Each structure stands twice: as C-alpha cells, then as structure tokens.
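Participant: The listed protein sequences correspond, in order, to chains E and B.
Just so we're aligned: -10 in this note's numbering is position 10 of the first sequence, and the numbers increase by one with no gaps anywhere.
Just so we're aligned: 287 in this note's numbering is position 261 of the second sequence, and the numbers increase by one with no gaps anywhere.
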Amino acid sequence: MTNSDLMYSPVIRLDGVKKVYRMGTNEVFALRGVDLTVERGEMLAVMGTSGSGKSTLMNILGCLDIPTAGNYVLDGKQVNGLSKNDLADLRNEKLGFIFQGFNLLPRTSAVDNVELPLLYRRGTNANDSRKRAEEALAKVGLGERLDHHSGELSGGQQQRVAIARAMVTQPTLLLADEPTGNLDTRTSIEVMALFQALNDQGITILIVTHEHDIAQYAKRIVEVRDGHIIRDHPVVGRRIAADDLTNVEGTFDVVEEAA
Amino acid sequence: MKNRILLKMSLQSILKNKMRTLLTMLGIVIGVGAVIVMVAIGNGAQTQIKQQIENLGTNLIVITAGTTNAGGASQGAQSFNRLTVDDVDKIKSQATMLAAVSPVIVTRTQIVGAGKNWRAEVNGVATDYLIIRNWGVTSGSLFSDDDVRAKRTVVVLGATVAKNLFPDTDPVGNDIRLGRSPFTVVGVLESKGQTANGADQDDVVLVPYTTAQSRLNGFSFLGQILASASDPKVLVGAQNEIRDIMRDSHGINPGGMDDFTVRDQTTIAQAATSTSSVMTSLLAAIASVSLIVGGIGIMNIMLVSVTERTREIGIRMAIGARGGDVLTQFLVESIVMCLLGGLVGLAAGTGGAALVGHFTGWSVSTPASAVLLAVGFSAAVGIFFGYYPARKAASLDPIQALRFE
C-alpha cells in the first residue's frame, strides 16, 4: 500500500451525497445529503425501512451507482467521475458483495462461483485462482463441498459460498445487503458469527438490514429515513453470535439442516 | 481475462443448456450442410464436364476442310474435301508447337469375325492418334509406323467392338474382315466411355490411314486432321502456326480466304464450365439463405439467453466484470455455437454429398475452398448475429440486472 496509508484515509467517506432519480417530470430524492465516515475494522449496520434510501446508499457505496451530488471517497480513491470500466475494476479490487438472494451463478459449482471474481481481476496472473477459491471455501467451512452446485446446497451453505466469493479477492470492504433475509434464525446467527469472525481479523463490514436483532451483532448502527441519516450510534451491549449459537442449540435442534 | 478462461466459461454455459444449444446449432448445421452438398454437386458436375472435354484429347486441335464463316456466301464447312496427306506431312515437319499430328479418315463398314458381325466406324489414323486422344490399349498394341508405311491390313478394336465380336476371348491375333478385306487384330483399346452428348467412343476400330485409303475408301482426301499442342499455353500459337502452314500448303494468297478451319476445345469447354459454375453459385446462394435463417435462429436464442441470464450478468458485473467482458463472453458463446454447428454441418454435408453421389451416380466433390468458406461463414454468422445480443447484455445496468427476477 502506498499513499492511502501515508495520508490518512478512512474506508468510506461520504460528503453531502445526494441522489435524485428522474421519473418523467417528477424528481425523486432518494438521498438528500448524506455524510458518513467508516473507519478500518468497523462493523456497521445500516438500518431503515423500505423507501428510506438505504438501497440507494448501498448501491452508491457499492460503486454500482454514482451520486448526483456530493463526494464519495472509497479507500482513498475518488469515485466520482470514474468511467463504467473503472467502476467495474474498483468493485473487483476493493469490494466484496453479499446479497439477500445469495446470487450465485446457477448450475455452477461452488468453487467456480468463488473463483469468478479472480478471473475478472485485471493485470494479475490468475494461475493460482483455483487454489485461492478452494482456500476461501475452506475458510467458510465448505472445503468438502467444492464441486456442489448451488441447487445442491442449503440456504446457509449458499450464503457461505457467497461470502467466500466476496472474500476471495481480499477486499477492503465487505458489503452485505440483507444477508440473513432468506435464512432461518439459526442459520442467520451462523452467518453473523462468520461475519464477526472475519471482522475480528480486521475486515471492514457494512451490513444493510431492517432486522434489529441482526443489527445488534454490529459495532455501530446508522439509521436512514427519507434520504437522511437520522441516527448514528455505537451498539450498546453488542451480541456475540458464537455465544448465541450455543444458547439456541437446544431450541433449534428440530430445524437442524439436513445437508 | 484470459482467452482460455473465456472459452471455458462459454463452453460451460453452452453445455448447461444442451437441448437448446442443440436446437440452435441445428439451424447452422442444416445451413452449412446444404451449402456443402450444393457446392459438392455443382463442383462435381463441373469436374465431370472438364473430364469429358479432356477425354476428347489432350490440347486437341481439329483441322477440317472448308470454312465455317466465309461471310455472306459461305460454302459451309467441308464443302470441298481439300485436306491431304501432304498437308499432314507439312504440318508435321514445319510446326514447332505440336506434340502429335494425325490424319483421320472416317468411314463405316460391316465387321465380320469369329462367326459374328457388327457395324462400326472405321478410323484410318496415324500412330500419333492415340497420343492426341490420350488413349491407351488394354491388350496387344497399336500398329507401328512401319505398318502405316507398308499399308498393312492390321486393326485395333474399340472396347465395344471387341466385346461384341469376341465376348469371351482375347481378340489379338485373330483375323476379321472389314467389308471384304481381311485384317489381323493387333490390339484392343481401353474403354473411353461416352462423349458429353452420349455417343459411344468405343464403338470404333482403328486401321492405318494408308490402308484405309487403299482398301476401304478409295480416295485420297482426309476427313480431318487432329493435332495436339505441346502445352495448353501454346494452344493459340499452335493454331496460328497450323493456319500459316496450311495456307502455304494450299497456295492461298494473302487476303484470300482460308479453305479450311482450325479450332480447339477451349471455347466449348469455357461455355460448359461457365454454365455449370453459374449453376453452382446459384445453388450455393439458395443454400446460404438457410444459413442466414440459422443465424437469425442464433440471434433469437442469444436474445432469449440474455434475458434469461440478466441476473447472472448483474452478478458478474457486481463482482467486477466490465461491459467488454460480458460482451466478449456472449460473443464467444455465439461464435463457438456457430463454429461447432459449422463443423457438424460440414461433416453432415460431406456425408450427404457422398450419399447423393451414391444414389444418383452424379459425381460430387467438395473443394477445400468450400470447407474453408463454410467454416469461415459460420464464424461470421456467429459474430454478426451474436453481436447485437452481446451488446444488449453488456449495456445492462448492474442494479436493474441484479433486481431482475
């Protein structure tokens, strides 16, 4: 690392970010001026109801969309004004995505899914991409299911494949959009335990969620409403997923995964 | 992204939809197959015509008496029989661009031998005749120059004549009668088959022209003189040379009209080949229509595929695929599909052409150029009809694509 280390730069810095959608003659203000700074090693939950602008915020943070006004600096890199190709490269280099619907490629093996971001990486030799994909899957506990297709995996396993795919490029920031939305309680806690473990290793994680329970596993909560950040506070009495897992063990034995 | 990985990705997604891929490829298979069959048939016909013309003789030049185009008051060809053995000798000694020269005296007579009889054409010729006609003997040999000089009564039988008079035995050494004259069979010609217009070239016997003049015909004029240019390149030069020698031999003043005609087979050959090559192009053009229809099928399926895989495209873009990567992937998919179809079509077409040849007896041949053309064309179809869907995929908005259900 070079300048970004010498000159202090947070992972995320948003300054007065606005997003306006034009729908015919109407203008929809999705974001009305958001300031947000996320430091290295944080685990942040962004909360809000639907229509609050949290999806727009997620898209902008994920470099899938660009702000109408304001400034976004990701890991010391100015995002405004980048071309589509530069945005694609930036996503590949600095970001890892985890979606609610897992979004794995259908009829494709777990290891092929995880390898994919490495294949799109520019300027590096992809010779060891297979090995790295296998290692990433081993880290999320799926070292034995490399060749299983997404259809042959349970929801929790699919989400772990997605996490492995997000982690395999060693991104600066992990972006999770409702990562537990399609999972039962026990599996949700398992996924959160995985996130907390990754965060303990120093990885910055941002989770968009509307579930208060899930947000309690983060270190900091940001609440969005009507395109503004209305609250930004550290989590008091943070929950530790690994502990909860041992507690729910008895209660949730019945729904133990078949796989 | 590396080409190898791209190719692997494309193959994977092609294989994921085997049935659909197969049906899509079928269009290209039929298109390429049809083009190959049509070109093979057309090309075979062309080769056959060329062979038949070559069969008449190698670099054949025909000299006949009279003139065919003497203006308004044409006498018509061969209205005077003014070719003589003297002309032949002069051409032989003076011409520099000829490989062989032979007079031809044509008559028909009854042939009797081995208790059977047959009516056939008798050609009085010199020993060069077989060289000119590119003809060989299967048994015995042709008569010698010595036989010609001595006007010996020797005869070489055409395959048809030999078969009819001597169905079971070798005719060489037997005595037969041509008209009233006894002749000895010295050889049998190899079978040459039919001419382009169906005449049996084997229904003939050859005797020395000197013998024909003295024993069979009774007059000294020749029906025609055949010559063979030493090289196809000098065909025109050789004809001019013959014309000069003949004018000199016949004592025609400068400005006077030729009383003979010199011509070769090229004009006939050119007309025949150009007709059949027009046919070939026409057939190929009709067949390419099906290739274009196949291409539209590819485009259709690729468009469906892009829509169906919108979410996949969104995922790929989210994890860092550039628009160009997506474009290349879909384009490679379409090209690979078309190329595979093209190769299968090539095999099917070659097999189909062989079947057509087998059942109809037409001669078929697939030229290497058609193979290259078919494969190149199917790749081009892949690019052309694959580009629009690939562009559509590449220009998708990742947010919309990810939200797509």
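We treat Cβ as the ideally placed atom computed from N, Cα and C, and that holds for glycine.
Only a predicted model underlies this, so the values are computations on that prediction, with no experimental measurement involved.
Tell me the start and end of each unbroken alpha helix (DSSP H) in the segment 106 to 148 of chain E that is at least 4 residues and wholly inside, in chain order.
Facilitator: For the segment 106 to 148 of chain E, whole alpha helix (DSSP H) runs of length 4 or above, ordered along the chain, are 109 to 119, 135 to 147.
Participant: For GLY33(E), which residues from the same chain have a beta carbon less than 6 Å from its beta carbon, with the 5 sequence-adjacent residues on both sides left out?
Facilitator: ALA10, LEU11, VAL204, GLY207, listed in sequence order.
Participant: How about ALA185(B) and GLU216(B): are their beta carbons less than 9 Å apart?
Facilitator: The answer is yes: Cβ separation under 9 Å.
Participant: Below 9 Å between beta carbons is the criterion; list the residues of the segment 336 to 365 of chain B that meet it against any residue of chain E, in chain order.
Facilitator: Residues ARG337, GLU338, GLY340, ILE341, ARG342, MET343, ALA344, ILE345, GLY346, ALA347, ARG348, GLY349, GLY350, ASP351.
Participant: Can you tell me which of LYS189(B), ILE157(B), ASP172(B) puts its alpha carbon nearest to the alpha carbon of SER128(B)?
Facilitator: Taking only the C-alpha atoms, the option nearest SER128(B) is ILE157(B).
Participant: Can you name the start and end residues of the beta strand (DSSP E) that PRO159(E) belongs to?
Facilitator: No beta strand (DSSP E) holds PRO159(E); DSSP gives it neither H nor E.
Participant: Between LYS76(B) and chain E, is there a C-beta pair that is closer than 9 Å?
Facilitator: Closer than 9 Å: no.
Participant: Are the segment 410 to 422 of chain B and the segment 356 to 364 of chain B in contact at 8 Å, needing three or more beta carbon pairs?
Facilitator: These segments touch.
Participant: For chain B, is any of its Cβ atoms less than 9 Å away from the one on GLY145(E)?
Facilitator: A small correction: the amino acid at residue 145(E) is Arg; Gly does not occupy that position in the sequence shown. It does: the Cβ of ARG145(E) has a partner Cβ on chain B nearer than 9 Å.
Participant: Distance check for ARG289(B) and SER119(B), CA to CA, integer angstroms please.
Facilitator: Cα to Cα, SER119(B) sits roughly 20 Å from ARG289(B).
Participant: Along chain B, which residues have their Cβ under 7 Å away from the Cβ of LYS64(E)?
Facilitator: The contacting residues are GLY349.
Participant: Residues of chain B with a CB under 7 Å from the CB of LEU260(E): which are they?
Facilitator: Nothing can be reported for residue 260(E): it is not among the residues displayed for chain E, which extend from -19 to 239.
Participant: Between the segment 336 to 348 of chain B and the segment 390 to 408 of chain B, can you find at least three pairs of beta-carbon atoms closer than 8 Å?
Facilitator: Result no; under three Cβ-Cβ pairs closer than 8 Å.
Participant: Taking only beta-carbon atoms, is GLU241(E) less than 9 Å away from chain B?
Facilitator: Absent from the model: residue 241(E). The displayed extent of chain E is -19 to 239, so no value can be given.
Participant: Between which two residues does the alpha helix (DSSP H) harbouring LEU381(B) extend?
Facilitator: 349 to 386 is the extent of the alpha helix (DSSP H) around LEU381(B).
Participant: On the DSSP letters alone, give me the boundaries of the beta strand (DSSP E) that ALA140(B) sits inside.
Facilitator: That residue, ALA140(B), is in no beta strand (DSSP E); it is neither H nor E in DSSP.
Participant: Which of helix, strand or coil does DSSP assign to LEU(-6)(E)?
Facilitator: In this structure, LEU(-6)(E) counts as strand in the three-state DSSP scheme.
Participant: Which residues in chain B have a C-beta closer than 7 Å to the C-beta of ASN72(E)? List them in chain order.
Facilitator: Per Cβ cutoff of 7 Å: ILE345, GLY346.
Participant: Residues of chain E with CB closer than 8 Å to the CB of LYS418(B), please, in chain order.
Facilitator: Within chain E, no residue comes near LYS418(B); the closest Cβ sits about 15 Å away, beyond 8 Å.
Participant: Which of the residues in the segment 38 to 57 of chain B, read from start to end, lie with their CB under 8 Å from any CB of chain E?
Facilitator: Residues GLN38, LYS42.
Participant: For ASP285(B), tell me which candidate among ALA295(B), ASP274(B), GLY371(B), GLY166(B) has the shortest Cα-Cα distance.
Facilitator: Minimum Cα distance to ASP285(B) is reached at ASP274(B).
Participant: Using a C-beta to C-beta distance shorter than 7 Å, which residues of chain B count as neighbours of ASN162(E)?
Facilitator: Under the 7 Å cutoff, chain B gives no residues; its nearest Cβ is about 14 Å from ASN162(E).
Participant: Report the residue from GLY371(B), ALA225(B), SER167(B) whose alpha carbon sits nearest the alpha carbon of GLU147(B).
Facilitator: That would be ALA225(B), whose Cα lies nearest to the Cα of GLU147(B).
Participant: At 3 residues or longer, what runs of the beta strand (DSSP E) sit wholly inside the segment 45 to 88 of chain E?
Facilitator: Entirely contained in the segment 45 to 88 of chain E, the beta strand (DSSP E) runs reaching 3 residues are, in chain order, 49 to 54, 75 to 78.
Participant: Mapping DSSP to helix, strand and coil, what is GLU7(E)?
Facilitator: If DSSP states are grouped into helix, strand and coil, GLU7(E) belongs with the strands.
Participant: Run down chain E in chain order and give the residues with a C-beta less than 8 Å from the C-beta of ILE425(B).
Facilitator: Within chain E, the residues near ILE425(B) are ASN39, LEU44, ASP45.
Participant: Using a Cβ cut-off of 8 Å, pull out every chain B residue sitting near ASP69(E), in sequence order please.
Facilitator: Simply GLY346, ARG348.
Participant: Going by DSSP, name the residue or residues bridged to SER307(B).
Facilitator: Per DSSP, none; premise fails for SER307(B).
Participant: Going along the chain, which residues of its own chain have a beta-carbon closer than 6 Å to the beta-carbon of GLY340(B), five neighbours each way excluded?
Facilitator: Excluding sequence neighbours, GLY340(B) sits near PRO424, ALA427, LEU428.
Participant: Starting from VAL407(B) and walking both ways along the beta strand (DSSP E), at which residues does that stretch end?
Facilitator: No beta strand (DSSP E) contains VAL407(B), which is instead part of the alpha helix (DSSP H) from 394 to 420.
Participant: Please tell me whether LEU422(B) has its Cβ less than 9 Å away from any Cβ of chain E.
Facilitator: Not an interface residue.
Participant: Considering MET123(B), what are the terminal residues of the beta strand (DSSP E) in which it resides?
Facilitator: Counting along the chain, MET123(B) falls outside any beta strand (DSSP E), and DSSP gives it neither H nor E.
Participant: So, is the C-beta of ASP127(E) closer than 9 Å to a C-beta in chain B?
Facilitator: Not one chain B Cβ lies under 9 Å of ASP127(E).
Participant: Under 9 Å, Cβ to Cβ, is there at least one residue of chain E near MET328(B)?
Facilitator: No - not a single Cβ of chain E is within 9 Å of the one on MET328(B).
Participant: Report the start-end ranges of each alpha helix (DSSP H) in the segment 142 to 228 of chain B that is 4 residues or longer and not cut off at the edges.
Facilitator: Here the runs fully enclosed are 155 to 159, 171 to 175, 185 to 191.
Participant: Excluding the 5 residues preceding and the 5 following ALA173(E) in the sequence, name in chain order all residues of the same chain whose CB lies nearer than 7 Å to its CB.
Facilitator: Excluding sequence neighbours, ALA173(E) sits near ALA221, ALA222, LEU225.
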